[in-house]
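Peer 1:
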Amino acid sequence: EGHWFQIGNQQIHLILEHDQSGRAGNAGPQQNTRTHHFAFQVDDAKSAYEKAVERGIPIVSPPKSRPDGATQTFVNDPDGHIIELCSLS
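To convert, note that position 70 of the sequence shown is 70 in this note's numbering; the numbers rise steadily by one, no gaps.
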């Protein structure tokens with residue numbers, strides 16, 4: 001459950017979590033205090049992932065294709081927040 005808010009090409013997606021819902025980005029047990037994330041649309045999520053690896057940015061989840069054709073990967077910022085990098089093709 002949730003709501004999308006869009007102004008121009010900017011979107012905010014608010015998600016209502018339930019006890020049965022999974023953590024954002026399928027984070028592992030080490031991330032049990034962080035259940036939300038920021039998302040940024042990028043030109044190429046796989047390329048963004050490779051750059052993150054090269055720069056030593058902690059990876060939460062490698063690139064995965066979604067059923068809608070988008071590709072997403074998840075990383076941690078320096079404070080441990082989950083960031084989604086998503087490309088639409």
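Glycine included, every Cβ here is placed at the ideal spot set by N, Cα and C.
(1) I'd like the list of long-range same chain contacts for Gly56, defined as Cβ closer than 6 Å, with 5 residues on each side in sequence excluded.
(2) Nearest-angstrom Cα distance between Lys51 and Ile59?
(3) For the alpha helix (DSSP H) containing Ala39, list its first residue and its last residue.
(4) If we call anything under 8 Å between Cβ atoms a contact, is Thr73 one with Ser61?
(5) Excluding five sequence neighbours on each side, which residues of the same chain lie with their C-beta closer than 6 Å to the C-beta of Asp44?
Peer 2: According to the structure data:
(1) none
(2) 11 Å
(3) Premise fails: Ala39 lies in the beta strand (DSSP E), 37-41, not in any alpha helix (DSSP H).
(4) Taking 8 Å as the Cβ cut-off, Thr73 and Ser61 qualify as a contacting pair.
(5) Ser87
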